[in-house]
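Going by my numbering, the sequence shown opens with residue 12, and the numbers climb by one from there. Every residue gets a Cβ at the ideal spot worked out from N, C-alpha and C, and that includes glycine.
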Amino acid sequence: MPKTLPIAQLGSPVIRTVAGPAGDLGTKEMQEFIDDLMVTCNEAKGMGISAPQVYRSERIMIMSSTPNERYPHAPEMEPTVLIDPEILWQSEQSEKDWEGCLSLPGIRAMVPRAKEVRVTYRTRDGEHKKASFEGFLARLFLHEYDHLNGIVFIDRVDSTLDVVMEQEFKRIIASNDEKRWDQK
Ligand code: ZN
């Protein structure tokens, strides 16, 4: 049975370490680790997670997107593991939107990210893939990819004024919704 792994918090050196290449995908241990990472992401209600966030400094990440309370417009994406991902291209055009992170609970920030990315990665079976992501999924990819390089989302903000606590974030989101309703 896959198990839930403890999640490293900001301050833990592993969060600030550049991860090495993924180990041998052919071992039972690695395949079990990938299952554990998927379960951990799901249990924590994350849209993604990276191996360094569970104290394993290897270039492995999960993307798993589904609409929820915080991100009602998030697209559906089956949980997908990306091994040794690389960015082939990213658009110069960027956009700002809210992000959060399992390793920095309680903090939200508006983060500028490229609107589009083209990437390569390997599947858990070692198959080479290319993919293009845009909008929310580009943001999700770039957030997790940053973790592989020891970077967290608050490093990317334009201003510390774009960083808020969860409780206030909820209020901001609610008042934005109200404004939207007022305009109708
Ligand atoms: Zn994160």
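Per DSSP, the continuous beta strand (DSSP E) segment holding F144 begins and ends at H139 to E145. Exposed is the label assigned to L21, since fewer than 16 other Cβ atoms lie within 10 Å of its Cβ. Between V25 and the set V168, P90, D157 and E43, the nearest pair of CA atoms involves D157. In the DSSP assignment, V122 falls outside any alpha helix (DSSP H) and lies within the beta strand (DSSP E) extending over I118 to A125. For C112, the CB falls within less than 6 Å of some heavy atom of the ligand ZN. Boundaries of the alpha helix (DSSP H) around I45: K39 to E54. Note: I73 is bridge-paired with I60 and V92 in the DSSP secondary-structure output. Note on L99: under 16 other CB atoms within 10 angstroms of its CB, so exposed under the neighbour-count rule.
Exposed is the label assigned to E40, since fewer than 16 other Cβ atoms lie within 10 Å of its Cβ. In the DSSP assignment, the residues bridged to I98 are V130. If you draw a straight line from the Cα of L16 to the Cα of F147, it is about 26 Å long.
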